[in-house]
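Residue numbers (our numbering): -15 to 82.
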């Protein structure tokens, strides 16, 4: 198996991981905000869901991206993938300070 093949498989796995992680974080944030607003109806009456939902979704996307980069860089270091993948793919996730 060549480095290019391993990198292709790695990128497919990362894409699937990002989709699952993003959906899970969005589900938790939207569900948590629904529970929070149902427990405090005074706040729910003051804030429209149409205004609040885009901010929750944007926060979820940012949180998912940050968590994804940290997790993937951890996996690269843990399983010693620096030598097995193309350097261009490694540089996306691991930034070594010179």
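Cβ atoms here follow ideal geometry from the backbone N, Cα and C, with glycine treated the same way. All values derive from a computational prediction rather than experimental measurement.
Are the segment 36 to 52 and the segment 10 to 21 touching by the rule of at least three beta carbon pairs closer than 8 Å?
These segments touch.
Which parts of the segment -7 to 58 are runs of the alpha helix (DSSP H), unbroken and 4 residues or longer, counting only runs that do not cross its ends?
Complete alpha helix (DSSP H) runs here, min 4: 25 to 30.
With a Cβ-Cβ cutoff of 8 Å, do residue 48 and residue -5 count as a contact?
Here residue 48 refers to the residue found at position 64 of the chain shown. Here residue -5 refers to the residue found at position 11 of the chain shown. It is not a contact, given that the beta carbons lie outside the stated cut-off.
What residue does the alpha helix (DSSP H) around residue 78 start on, and which one ends it?
Stepping through the chain shown from its first residue, residue 78 is reached at position 94. Careful: residue 78 lies outside any alpha helix (DSSP H) and carries neither H nor E.
For the segment -10 to 5 against the segment 48 to 61, are there 3 or more C-beta pairs whose distance is under 8 Å?
Yes, the segment -10 to 5 is in contact with the segment 48 to 61.
So what's residue 68 in DSSP terms, helix, strand or just coil?
Within the chain shown, the letter at position 84 stands for residue 68. Correct three-state label for residue 68: coil.
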